[in-house]
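Chain order of the listed sequences is A and B.
Add 1291 to a position in the first sequence, counting from 1, and you land on the number used in the working numbering.
Add 1291 to a position in the second sequence, counting from 1, and you land on the number used in the working numbering.
Every residue, glycine too, gets a C-beta built ideally from N, C-alpha and C.
Taking it in order: structure first as structure tokens, then the write-up.
There are 2 protein chains.
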Amino acid sequence: MREKGSHRRADLDAVLAAGFLCHLGVDVDGTTMVVPTAYGVEGDRLYLHGSVASRTLVRAPDTTVCVTVTHVDGLVLARSVFEHGVNYRCAMIYGVPRLVTDPDEKLRGLRALTEQSSPGQWEYVRQPSRKELAATALLALDLTEASVKTRSGPPDDGDSEDAALGLWAGVLPVVTTFGEPVTDPVLPPDVTPPAHVASRAGRVLGE
Amino acid sequence: MREKGSHRRADLDAVLAAGFLCHLGVDVDGTTMVVPTAYGVEGDRLYLHGSVASRTLVRAPDTTVCVTVTHVDGLVLARSVFEHGVNYRCAMIYGVPRLVTDPDEKLRGLRALTEQSSPGQWEYVRQPSRKELAATALLALDLTEASVKTRSGPPDDGDSEDAALGLWAGVLPVVTTFGEPVTDPVLPPDVTPPAHVASRAGRVLGE
């Protein structure tokens, strides 16, 4: 079995740690919406920016949402169309999110969110003012109800009848990396990226 | 405005053409689920593998789903936490999917799906048998109700008060590429990847 399911917390943590963007599914007046948004992890909680979901929550505070984080690792190229697939790591979290209102928690949540995608930025840039904090819609979601699914490795038809076809089969890896930082064109050319940004160029996301 | 919305078909086509994986949001017995799945485009239709959604559709055939395709292009690193963001291209498609039952359409849909992620594979590998076709759950979704959102370019605070802080600001690009094909270890070492696979190594997804 190259496809695996897991409910272990360590597996969930690993998938969440490897990214910064999730797809948030929420019911808005009877219509399902799936919106990409940034997330951060702090302890047993996921924090997320979610203007769509927070608008819903104000009207329907007991709405269960689904947050899905997916990393694509490769195309599984088999000997038959039927056996084609994708190598991936995917976490799904279900729960009723809570709109964060406490300013201290909002600050902690925003810090987790900022550091998830851009470690080092929280200390480097100007932190939120009271007014900015108030204008930010932040959601907290417990990591209690979650599952992880992954697929890895070669195609499954290596010992099937199709192996006799003599075709090539294997995996075409998909790799997500950071490029060279692009400086804001309004800055003078001698302003160079700080080390915590410059050092990420060429690195694989989540490593 | 570096954030843009569009309902133009050409913008939708461009986002869809640049990927092969979507997040499908569907209501399953009152709970929203967001599932990553492969898609293909043929004419005015999106085809997708969707076992979860198809199980729902059998019970509730008029279920509206949301399909979201997101490409992350970079981290927007501003002078303040508040102005941080992500450069992205995102398409959202709403509609009531149709369970494809006609064998000819199923074959066309599977071809679109296979060629979307792996151009050249449909002709190279063994195509589906009648039995395999019957075992595949394929959904068709019209591209009529769709919207595209994108963000590109530098942070928005280049002419704000924060510019005086003298901090570096800009974009850290995120790039998704194909790696070198990994041959199934059960194959003899002289079986090399066909040109349509080997030629993708090092190429950016969607280019």
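For the 8 Å CB-CB criterion, residue 1314 of chain B and residue 1325 of chain B form a contact. For residue 1494 of chain B, the CB contacts under 7 Å within the same chain, skipping 5 residues up- and downstream, are 1468 and 1469 in chain order. DSSP, reduced to helix, strand and coil, places residue 1363 of chain A within a strand of the structure shown.
Between residue 1385 of chain B and residue 1452 of chain B, the C-beta spacing is not below 8 Å. Here residue 1456 of chain A carries a helix assignment [DSSP, helix/strand/coil]. Listed in chain order, the non-local C-beta contacts of residue 1380 of chain A below 6 Å within the same chain comprise 1306, 1362 and 1441, local neighbours out to five positions each way being set aside.
When DSSP states are grouped into helix, strand and coil, residue 1430 of chain A belongs to the strand group. The Cβ atoms of residue 1366 of chain B and residue 1391 of chain B do not sit closer than 8 Å to each other.
In the structure shown, residue 1487 of chain B adopts helical secondary structure according to DSSP, grouped into three states. Counting C-beta pairs with one atom in each stretch, the stretch 1398 to 1415 of chain A and the stretch 1348 to 1361 of chain B have fewer than three that are closer than 8 Å, which means they do not touch.
With a threshold of 16 other beta carbon atoms within 10 Å, residue 1439 of chain B meets it and is buried. Scanning chain A for C-beta atoms nearer than 8 Å to the C-beta of residue 1369 of chain B yields 1416, reported in chain order. Counting of Cβ neighbours within 10 angstroms places residue 1416 of chain A among the buried residues, the total reaching 16 or more.
Around the Cβ of residue 1486 of chain A, a 10 Å sphere holds fewer than 16 other Cβ atoms; the residue is exposed.
The contact set of residue 1487 of chain A on chain B, defined by CB atoms closer than 8 Å, is empty, because the minimum CB distance reaches about 10 Å. Assignment of residue 1391 of chain B by DSSP, reduced to helix, strand and coil, places it in the coil class. Chain B places no beta carbon closer than 8 Å to that of residue 1455 of chain A, leaving this residue out of the contacts. The criterion of a C-beta distance shorter than 8 Å is not satisfied by residue 1405 of chain B and residue 1459 of chain A.
Taking C-beta atoms as the reference points, residue 1339 of chain A and residue 1354 of chain A fail to come closer than 8 Å.
The three-state secondary structure of residue 1405 of chain A, taken from DSSP, is helix. A Cβ-Cβ separation of about 27 Å leaves residue 1343 of chain A out of contact with residue 1377 of chain A under the 8 Å criterion. Assignment of residue 1450 of chain A by DSSP, reduced to helix, strand and coil, places it in the coil class. In this structure, the CA atom of residue 1373 of chain B is about 23 Å from the CA atom of residue 1497 of chain A. Relative to residue 1444 of chain A, the option among A:1462, A:1411 and A:1375 whose CA is nearest is A:1462. Rounded to the nearest angstrom, the Cβ distance from residue 1464 of chain B to residue 1473 of chain A is 6 Å, consistent with a contact under 8 Å.
With contacts defined as CB atoms closer than 8 Å, residue 1456 of chain A and residue 1336 of chain A fail to qualify as a contacting pair.
Close to residue 1327 of chain A, with beta-carbon spacing below 7 Å, are these residues of chain B in chain order: 1359, 1361, 1379 and 1381.
Per DSSP, the continuous alpha helix (DSSP H) segment holding residue 1348 of chain A begins and ends at 1342 to 1350.
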